[in-house]
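Residue numbers (our numbering): 152 to 493. Quick reminder that beta carbons are idealized off the backbone N, C-alpha and C, glycines included. Please read these numbers as outputs of a predicted model, since none were measured by experiment. In what follows, a structure is listed as structure tokens, so that the remarks can point back to it.
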Ligand SMILES: [Zn+2]
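Pasting the structure below:
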């Protein structure tokens with residue numbers, strides 16, 4: 152499926168805008184050029200209109216400020232998520248419940264869950280006080296993650312997709328795939344963790360540590376899929392599911408390989424360097440290295456200072472000795488002059 156971000160309709164809209172601007176600035180006389188520009192404008196107008204996500208935000212007790220912040224956000228901030236799943240029209244408004252810790256919703260939801268989506272009902276629940284748990288890093292990321300679940304559901308026409316795929320897309324949609332995620336994958340694999348998507352789906356039902364690892368592995372696979380098969384691969388799979396294809400068939404049509412083959416290749420690519428390079432460049436290891444370097448630099452400087460002080464002391468002692476010798480010589484010379492009656 153053609154992605155809006157990289158597709159030609161967007162380019163044509165840019166070209167049309169440039170052409171119209173040129174006409175107004177330089178008063179083009181060429182009728183042929185004017186015709187071409189008009190054609191571009193018409194093609195641009197025929198490009199699919201983008202209907203961004205609209206939100207209906209409801210605040211729980213004490214959550215008015217957070218809710219106001221969500222309402223005040225750029226209405227187009229979820230357009231990139233729409234691109235990812237292949238939607239030009241986000242559909243009906245999504246109800247957002249901003250729930251405080253004191254709410255009944257929060258009390259019956261495990262404390263390590265920052266939010267959840269009920270896509271078929273077009274609503275999401277967010278717990279702002281929990282929006283700093285992996286893989287979530289702040290309200291904006293939490294919102295993008297949960298909105299992505301609703302959009303995946305809509306892009307798939309309401310058909311089921313595997314949990315690992317759904318969470319992987321939401322994790323990638325939530326924010327940039329960074330060192331924390333790669334380190335989490337590395338540590339999970341180093342511990343001999345899950346090696347199949349079926350196992351990852353099980354991990355989502357096993358409590359906090361396993362869920363964190365399941366998010367990391369799902370996100371890693373979807374990120375890998377986007378890099379290898381193209382930025383429109385997720386949208387391609389979802390559009391085929393929407394057209395009625397089982398997920399496994401849709402996956403084969405887009406990638407040219409079965410889920411099992413893709414799974415096997417993905418794990419095989421997690422070679423030594425893939426496992427350890429992200430860990431070696433993780434912030435923890437970097438800070439450790441910086442601390443070691445700083446300690447080494449301090450010790451080296453102390454050694455240099457001690458050597459310089461010793462040299463200065465030696466120099467001072469030599470100068471003192473020379474001065475004493477000169478004084479004694481002057482005294483001796485004075486005595487001999489007195490004896491000679493000078
Ligand atoms: Zn999720």
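Could you spell out where the alpha helix (DSSP H) holding residue i opens and where it closes?
{"i": "residue 368", "result": "359 to 380"}
{"i": "residue 414", "result": "410 to 420"}
{"i": "residue 387", "result": "384 to 393"}
{"i": "residue 303", "result": "290 to 306"}
{"i": "residue 406", "result": "398 to 406"}
{"i": "residue 566", "result": "In the structure as shown, the chain begins at 152 and stops at 493. Residue 566 is therefore absent and cannot be evaluated."}
{"i": "residue 352", "result": "348 to 354"}
{"i": "residue 215", "result": "215 to 223"}
{"i": "residue 255", "result": "255 to 258"}
Please report the Cβ distance between residue i and residue j, rounded to the nearest whole angstrom; I am assuming they are in contact, meaning their Cβ atoms lie under 8 Å.
{"i": "residue 332", "j": "residue 367", "result": "6 Å"}
{"i": "residue 245", "j": "residue 298", "result": "6 Å"}
{"i": "residue 362", "j": "residue 355", "result": "6 Å"}
{"i": "residue 309", "j": "residue 271", "result": "7 Å"}
What are the start and end residues of the beta strand (DSSP E) that includes residue i?
{"i": "residue 245", "result": "245 to 249"}
{"i": "residue 207", "result": "206 to 210"}
Would you kindly check if the distance between the Cβ of residue j and the Cβ of residue i is under 9 Å?
{"i": "residue 319", "j": "residue 295", "result": "no"}
{"i": "residue 269", "j": "residue 389", "result": "no"}
{"i": "residue 264", "j": "residue 233", "result": "no"}
{"i": "residue 359", "j": "residue 261", "result": "yes"}
{"i": "residue 322", "j": "residue 289", "result": "no"}
{"i": "residue 209", "j": "residue 256", "result": "no"}
{"i": "residue 347", "j": "residue 399", "result": "no"}
{"i": "residue 386", "j": "residue 306", "result": "yes"}
{"i": "residue 252", "j": "residue 278", "result": "yes"}
{"i": "residue 421", "j": "residue 336", "result": "yes"}
{"i": "residue 235", "j": "residue 266", "result": "no"}
{"i": "residue 230", "j": "residue 254", "result": "no"}
{"i": "residue 365", "j": "residue 315", "result": "yes"}
{"i": "residue 401", "j": "residue 412", "result": "no"}
{"i": "residue 224", "j": "residue 250", "result": "no"}
Run through the DSSP bridge pairs and tell me what residue i is partnered with.
{"i": "residue 267", "result": "276"}
{"i": "residue 202", "result": "240"}
Check your understanding: Hey, is the stretch 367 to 384 in contact with the stretch 395 to 407, meaning 3+ C-beta pairs nearer than 8 Å?
Key -> yes
Point to revise | Three or more C-beta pairs below 8 Å linking the stretch 211 to 223 and the stretch 233 to 243 | key: no
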